[in-house]
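Undergrad: Numbering (our numbering), first residue to last: 15 to 1130.
Every residue gets a Cβ at the ideal spot worked out from N, C-alpha and C, and that includes glycine.
For clarity, every value in this text was computed on a predicted model and none was experimentally measured.
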Amino acid sequence: MPFLAFGRRLLPRGLFASLLFPLRSPRISALTSCANNRGGFQIRKLTADTDCSMTLPGEDKLEKQTNEDKTDDQDLERKMKKEQKAKLKEEKKLKAAQKAEAAKLQAQKSSDGSKKSERKQRKKDIEEENPEDFIDPATPDGQKKKLSCQMAKQYNPNAVEKSWYSWWEASNFFVADASSSKPPFVIVLPPPNVTGALHIGHGLTAAIQDTIIRWRRMSGYNVLWVPGMDHAGIATQVVVEKKLMRECKLTRHDIGRERFVSEVWKWKNEYGGTILNQERRLGASLDWSRECFTMDDARSKAVTEAFVKLYKEGLIYRDHRLVNWDCSLRTAISDIEVDHEEIKEETFRKVPGYEHEVQFGVLTSFAYPLEGGMGDIVVATTRVETMLGDTAIAVHSKDKRYSHLHGKSAVHPFNGRKLPIICDDILVDPEFGTGAVKITPAHDPNDFEVGKRHNLAFINIFTDEGKINSNGGADFEGMPRFAARVAVIEALKSKGLYRGAQKNEMKLGICSRSNDVVEPMIKPQWFVDCKSMGKLALDAVLSDNNKKIEIIPHQYEQEWKRWLENIRDWCISRQLWWGHRIPAWYVILEDDQLKDVGSYNDHWVVGRNEQEALIEANNLFSGKKFEIVQDPDVLDTWFSSGLFPLSVLGWPDVTPDFKAFYPTSLLETGHDILFFWVARMVMLGMQLGGDVPFRKVYLHPMIRDAHGQKMSKSKGNVIDPLEVINGISLEGLHKRLEASNLDRSELENAKMDQAKDFQNGIPECGADALRFALVSYTAQSDKINLDVLRVIGYRQWCNKLWNAIRFAMMKLGDDYVPPQKLDVKSMPPVCQWILSVLNNAVARTITSFESYKFSDATTAVYSWWQFQLCDVFIEAIKPFFTDSKYESAKEASRHTLWICLDTGLRLLHPFMPFVTEELWQRLPLEEGSSRKESIMISEYPSFIEAWSNEKIENDMDIVNGAVRKLRSLRPQSDKNERYPAFALCRGPDITNIMRTYDFEIVTLASVSSLKVITENDMAPPGCAIDVVDENLSVYLQLQGTLDPEAEREKLRKRREDTQKKHDLLSQEMNSSGYKEKAPLSIQEEQMKKLTAYLEELKIIDQAEQDLERRIHQQMK
15 MPFLAFGRRL LPRGLFASLL FPLRSPRISA LTSCANNRGG FQIRKLTADT DCSMTLPGED
75 KLEKQTNEDK TDDQDLERKM KKEQKAKLKE EKKLKAAQKA EAAKLQAQKS SDGSKKSERK
135 QRKKDIEEEN PEDFIDPATP DGQKKKLSCQ MAKQYNPNAV EKSWYSWWEA SNFFVADASS
195 SKPPFVIVLP PPNVTGALHI GHGLTAAIQD TIIRWRRMSG YNVLWVPGMD HAGIATQVVV
255 EKKLMRECKL TRHDIGRERF VSEVWKWKNE YGGTILNQER RLGASLDWSR ECFTMDDARS
315 KAVTEAFVKL YKEGLIYRDH RLVNWDCSLR TAISDIEVDH EEIKEETFRK VPGYEHEVQF
375 GVLTSFAYPL EGGMGDIVVA TTRVETMLGD TAIAVHSKDK RYSHLHGKSA VHPFNGRKLP
435 IICDDILVDP EFGTGAVKIT PAHDPNDFEV GKRHNLAFIN IFTDEGKINS NGGADFEGMP
495 RFAARVAVIE ALKSKGLYRG AQKNEMKLGI CSRSNDVVEP MIKPQWFVDC KSMGKLALDA
555 VLSDNNKKIE IIPHQYEQEW KRWLENIRDW CISRQLWWGH RIPAWYVILE DDQLKDVGSY
615 NDHWVVGRNE QEALIEANNL FSGKKFEIVQ DPDVLDTWFS SGLFPLSVLG WPDVTPDFKA
675 FYPTSLLETG HDILFFWVAR MVMLGMQLGG DVPFRKVYLH PMIRDAHGQK MSKSKGNVID
735 PLEVINGISL EGLHKRLEAS NLDRSELENA KMDQAKDFQN GIPECGADAL RFALVSYTAQ
795 SDKINLDVLR VIGYRQWCNK LWNAIRFAMM KLGDDYVPPQ KLDVKSMPPV CQWILSVLNN
855 AVARTITSFE SYKFSDATTA VYSWWQFQLC DVFIEAIKPF FTDSKYESAK EASRHTLWIC
915 LDTGLRLLHP FMPFVTEELW QRLPLEEGSS RKESIMISEY PSFIEAWSNE KIENDMDIVN
975 GAVRKLRSLR PQSDKNERYP AFALCRGPDI TNIMRTYDFE IVTLASVSSL KVITENDMAP
1035 PGCAIDVVDE NLSVYLQLQG TLDPEAEREK LRKRREDTQK KHDLLSQEMN SSGYKEKAPL
1095 SIQEEQMKKL TAYLEELKII DQAEQDLERR IHQQMK
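(1) Since I believe Cys779 is in contact with Pro171 (beta carbons under 8 Å), could you give me their beta-carbon distance rounded to a whole number of angstroms?
(2) With a cut-off of 8 Å, do at least 3 Cβ pairs link the segment 579 to 594 to the segment 536 to 545?
(3) Glu1070 to Thr1105, Cα distance in whole Å?
(4) Any idea what DSSP makes of His714, helix, strand or coil?
(5) Return yes when the Cβ of Ala471 is within less than 8 Å of the Cβ of Ile407, no when it is not.
(6) Any idea if Tyr285 is buried or exposed, counting beta-carbon neighbours within 10 angstroms, 16 or more meaning buried?
(7) Let me check understanding here. Comparing Cα to Cα, which of Val464, Glu319, Val200 lies closest to Thr678?
(8) Beta-carbon separation of Val202 and Asp301 under 8 Å?
(9) Taking the beta strand (DSSP E) that Asn186 belongs to, which residues open and close that run?
(10) Check whether the segment 504 to 521 and the segment 376 to 384 are in contact - that is, three or more C-beta pairs closer than 8 Å.
(11) Would you mind working out which of Val500, Val425, Val398 sits nearest Asp390, comparing C-alpha positions?
(12) Taking Cβ to Cβ, would you say Arg304 is nearer than 8 Å to Val240?
(13) By a C-beta neighbour count over all protein chains shown, 10 Å radius and 16 as the cutoff for buried, is Gln516 buried or exposed?
(14) DSSP three-state label for Phe476, please.
(15) Is DSSP giving Trp878 helix, strand or coil here?
(16) Using a threshold of 8 Å, state whether the C-beta atoms of Asp1043 and Ser982 are closer than that.
(17) From Lys280 to Met243, what distance separates their C-alpha atoms?
(18) Rounded to whole angstroms, what's the CA-CA distance from Gly328 to Leu702? Just pull it up for me.
(19) Quick check: the Cα distance between Gly486 and Gly480, rounded to an integer number of angstroms?
(20) Extract the residue ranges of the alpha helix (DSSP H) inside the segment 973 to 1037, only unbroken runs of 4 or more that lie entirely within it.
(21) At what residues does the alpha helix (DSSP H) containing Asn485 begin and finish?
(22) With DSSP collapsed to three states, give me the class of Gly297.
(23) Locate the beta strand (DSSP E) running through Leu617, then write down its first and last residues.
(24) So Gly918 is in the beta strand (DSSP E); what residue range does that whole segment cover?
(25) For Leu803, count the other beta carbons within 10 Å of its own beta carbon; 16 or more makes it buried, fewer makes it exposed. Which is it?
(26) What residues are listed by DSSP as bridge partners for Ala394?
(27) Leu660 and Ala316 look like a contact to me (Cβ under 8 Å); what is the Cβ gap, rounded to whole Å?
(28) Can at least three beta-carbon pairs, one atom from the segment 543 to 563 and one from the segment 392 to 403, be found at a separation below 8 Å?
(29) Thr448 by DSSP, collapsed to three states: which one?
(30) Do you know how far the Cα of Trp934 is from the Cα of Leu218?
(31) Can you find the residues in the same chain that come closer than 8 Å, C-beta to C-beta, to Asp543, ignoring five residues on each side of it along the sequence?
(32) Which residues in the same chain have their Cβ closer than 7 Å to the Cβ of Leu788, if we skip the five residues on either side of it in sequence?
(33) May I have the straight-line CA-CA distance separating Asn740 from Phe786, to the nearest angstrom?
(34) Just mark Ser654 as buried or exposed, buried being the case when its beta carbon has 16 or more other beta carbons within 10 Å.
(35) To which residues does DSSP link Asn799 through a beta bridge?
(36) Are there 16 or more other CB atoms within 10 angstroms of the CB of Asp616, so buried, or fewer, so exposed?
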């Protein structure tokens, strides 16, 4: 809250206008007098000719009496001479001050005249402009961009981001050299699905990784960033199957495996890989010469080799285990492909293959009759159809309700099977439900473990399509599982065994690919034994003596520990046709009784090809007649993805790339696949590659919408980064929704949400602004709430950069040649300051990069460009270019400006590659320069000791503080008016600073003059006042009238704000353990703050009292 000076007391701004105060002191050159004007008050500025003396009532009378009392004429004469001499001295000072004020006013008028001339000249220039001079000429693809001879007047991201990427790529700037002597820095791009289109998650990955890659490349590293695509087994097969049905009304089974796989390859070559081209639009500087696909020949060779090696080492085996089964796709799926939907109450949802919606969220109770007529036992389940496969009933050993049934059996009502009543204290909670639990070992993960513990029968009741098989009984055989659910309830009712249903919260597993309800089923599958490899991966991260991998943020190291300490074996087989076919063959002996593939678990052989498999079969079944059949299943997509850091560098061959670039430097990905992908890469890399696949893991947050909601196609809140880059209307957003699979109610809700969030659509922001926004968001813990308005803000900031370069180009001139050397110490202080703070920005940015605090890096770069270069330096040097007397300062400013722009653009380039390249290319070249062809291969800025100047930084901190306070004192209604300013300095050091930087303060604060006063001087009246710090207060002479209610409200708000700050700080300082835990320096700093708040509250108290007194006097 600004204050007004009343004598030497501080009063609220606006109060002084209501006061009549006698002015006697001639110490200040510009005073105010107040005259009654029909109940209001008028403030007028006094000129140099104004009589500044005022006489208090009764003063003449007092002087006469004093003269009558004087008897010594000689003493009187001496006194009068002394007073006259003092008066002449004061008048001399006053004239000098008035002369200085007049000179400043004249300079201001001259400046205003110069500005008028400039405006007139600019108007003339505009009339003579050729519009074509501002348009970039067409550039052939792959050639260096041709720039317009005049910079466009506004930043246009579409125009700026054209042509640069194709030139970078054609110039091989992205290509790594395996024979280079530079230190390597390697990242493998997490391979996106071949079916995918760019979404905001990919945008975040590309923004972070390309920022790191460009920084390392500019820092002298031999950088390799490998692009690739994942064949996405399930997703791709589903896409092509739908295409076949849509276009030909055929299923994959209709055309056979060989033709279907051929169709998938055809689709891949025609449509796949769109996402990698979209990565180019984001500016991702990937080494496209090393682009790969998880099913190309080299990667397929690696997958086969890995399977064979792991099998021979006893780490791959085949067994009957419980898996996540998708009845629509008829395949096992991985845990990451299962979405767990929260069901809070009875819910009906669509299930593929069913005409009517299916009921979920209901707990059904029914009774099993006990053998021997002992009554019955009641159990409850959310999947009542699975009772057809029950093989036991479990109770708690200490539950007295069932102690008499230990060792007894119940009887299955539909097939007469005996169900032993077993005690299992691990599974059963006697407080939940009836305390009795039905056990279906073949269709429930928990029951599967119970079945193993108690050696129960495992009875599968479902076909691969999800229908009841013969094990379910003749009455239900052939029924789809959810139709059987209804039939089983009716059958229980008919037998008098149904006991009712109630609402029940549950988690429902849904396949993310097919939207079908996942069914746990026992299937013969191939598994990887993860125990020993998991231990290696665990130690690689957590070992005290031999830590090989650092996970950032570090809290994920504990999650790594929890998962790997409880790791289960990994099911790697999938019942698909698209993927890496498992290199295992089943041997069918001539004398085998069962001829079906897989009938005997010991008849499998593994080889790199069929010839090797035959050799293995002959060794295993020597002398016997047989034939071999390759396993029809394919490997889990995550198996080939887990090998990616190895396979992209040429493994299993020891290629130049493998020798130069393995292990890679960094893996950057989302924390949601820490275990499904990252841990498996570490296990496979250590087992097969002999070392960890990367030295660091950086896990970025997951992106949500601006309201914190998870982005989901069903909600319609997914943001397409290309729509942010290119812009899109609200109508266009709606059309995208209409083309999706949302039902009518979901569609209308999504449209309403879009209309709220994007009332006018999304304006064109460009890739640079999107990248910078995404990287700046990385400080947000494990989630990013993405607000497109923030991206729009950075797009506007790009325009600020653009205008800074335009200003520089105008001030540097066409013939400007940057200096080879710079004498920093001879430059004006403001030039020394901007180089020193630039040095600090460089140091903070590099430190933030090295510690993977990318948000801090964006803050360091942005703050320097926005708040120091544009807001202060450029504004401060503008007068140097309008007056010939500043020629020396002008030349130093030009050199400094060029250095700032060259260094600042290189500092910013990793975040914003397009606009920095375009602007950097426009900068004048140094004399005899051997500057690199592109900014992206130029040297990244480094700390320069000679630029550092802590004293000037401290001085300018005070100057900028004074400027901010003076600017805040200016009336909102009249920002263009220049008022006289005063700086009350307490001490010689601060006085010297204010006088040294007088010019900068007048320029930056837009005041008419600045006068330095000390505590010995009377405080200037009629001024708004604010305190910069304990050594400096600033005053601004204003004109205005008192609004009592407004002034009361200002003081009330100021009191509330100050009191709140005081109370919060006091609470913190008085909290338990504060004095023991807080560093002494922090305690001292906070005590100073607390004291300052108390002082401010006292000032507000006094101001309120004075305000009320003056209002009361005025009303009289």
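TA: Taking the geometry as given:
(1) Pro171 to Cys779, Cβ: 7 Å. Contact.
(2) yes
(3) 17 Å
(4) His714 falls in the strand class under three-state DSSP.
(5) no
(6) exposed
(7) Of Val464, Glu319, Val200, the residue nearest in Cα terms is Val200.
(8) In this structure, Asp301 does not lie closer than 8 Å to Val202 by Cβ.
(9) Taken as a continuous stretch (DSSP letters only), Asn186 belongs to no beta strand (DSSP E), as it is neither H nor E.
(10) yes
(11) Val425
(12) yes
(13) exposed
(14) The three-state secondary structure of Phe476, taken from DSSP, is strand.
(15) helix
(16) no
(17) Each residue's Cα considered, the two are about 16 Å apart.
(18) 14 Å
(19) 12 Å
(20) 1002 to 1010, 1012 to 1019
(21) From DSSP, Asn485 is part of no alpha helix (DSSP H); its letter is neither H nor E.
(22) coil
(23) First, the amino acid is wrong: residue 617 is His here, not Leu. No beta strand (DSSP E) contains His617, which DSSP labels as neither H nor E.
(24) Unbroken run through Gly918 is the alpha helix (DSSP H), 901 to 922; no beta strand (DSSP E).
(25) When all chains shown are included, Leu803 counts as exposed.
(26) Ser379
(27) 6 Å
(28) no
(29) coil
(30) 25 Å
(31) Gly328, Leu329, Ile330, Tyr331, Asp583
(32) Taken in chain order, the residues that qualify are Gly217, Leu218, Ala221.
(33) If you take the alpha carbons of Asn740 and Phe786, they lie about 16 Å apart.
(34) buried
(35) Per DSSP, Arg718.
(36) exposed
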